[in-house]
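Using this note's numbering, you'd call the opening residue of the sequence shown number 21 and step up by one each time. Glycine residues also receive a C-beta, built at the ideal position from the N, C-alpha and C atoms.
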Amino acid sequence: MAAFPAGSDFTYWWPRDVGAMRAWQAGRIRGWLANPRTREFKVVDEAAGRVAAFAKWDPPASLKGLDDAGLVVADDGRNTVPVVEHMPEGKGGGGGGGGGKEEAVAAAQKNLGAPEGCNREMYDDLFKGMDRMREKWRADDKLLSLLTQKIPVLHIIATDPAYHGRGIGTALIKCVLDVADAEGIPTYLEALPLAVPLYRRLGFAVVDKAVFDLAKAGMEGTAALTIMVREPVAGAGAAAPAA
């Protein structure tokens with residue numbers, strides 16, 4: 021939650037009660053962790069006992085390099101260097117099967133609904149708008165955030181402001197892009213304005229924008245998500261872990 025302070029981009033639909041938003045986000049994250057197809061990576065400051073950053077990926081079934089994979093991070097206090105390593109059998113999420121469980125997770129996420137006290141009209145407008153963009157750009161054929169996707173999608177990445185400027189966000193993205201490159205799979209994401217330069221440096225190209233009218237929230241102007249796609253770079257990715 022620290023990565024999205026009140027008043028920042030796309031918090032206009034949030035409930036005034038931060039506790040209600042925190043509870044809703046906790047429910048979403050529990051659902052993500054229960055889904056056998058998702059991959060969640062985090063960077064932890066062990067000395068401080070706090071999570072510095074978190075990223076959620078929903079790889080397609082065709083992407084094998086993240087099956088039973090973990091993220092090992094070396095941080096000297098200035099730079100963060102990520103490596104995706106193959107974990108011992110049974111330690112990771114496993115990439116195949118789980119169809120019945122995925123359906124159950126999808127149903128649970130749908131039943132979660134909107135957070136109590138939010139601007140429901142703006143909530144619906146935002147999430148339906150993202151769904152339209154994913155359908156338009158065939159995000160289900162890329163590394164994507166849908167349960168039925170065929171390609172990888174970066175669903176969410178958040179860095180605690182106290183850890184900005186140390187390359188942690190880049191580390192959480194780059195390690196997965198290397199796997200996508202090795203397997204020839206494109207990647208799709210919806211970027212907040214401040215993140216667009218970072219994604220450009222990582223090879224993403226702007227393909228569209230999803231624009232939302234803030235008048236429905238009693239505000240002036242619009243808010244926009246930048247739709248970006250990254251094609252795999254031949255020869256750039258590291259070799260995928262052995263199955």
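The beta carbon of residue 183 sits closer than 6 Å to those of 72, all from its chain and outside the five residues before and after it, given in chain order. Here residue 230 really is in contact with residue 153; their C-beta atoms are around 5 Å apart, less than 8 Å. For residue 152, DSSP records no beta bridge to any residue. Under the three-state reduction of DSSP, residue 253 is assigned to coil, being neither helix nor strand. The alpha helix (DSSP H) runs of length 4 or more contained entirely in the stretch 165-241 are, from start to end of the chain, 188-203 and 216-221. Between the C-alpha atoms of residue 236 and residue 66 there is a straight-line separation of about 43 Å. Shown here for residue 223: same chain residues with a beta carbon closer than 6 Å to its own, the five before and five after excluded, namely 250 in chain order. Ranked by Cα distance from residue 60, the options 240, 204, 238 and 192 are led by 192. Per DSSP, residue 53 is one residue of the alpha helix (DSSP H) stretching across 38-54. The Cβ-Cβ distance between residue 63 and residue 188 falls below 7 Å. Around the CB of residue 199, 16 or more other CB atoms lie within 10 Å, so the residue is classed as buried. In this structure, 242 is the residue among 163, 255, 242 and 158 with its C-alpha nearest to the C-alpha of residue 31.
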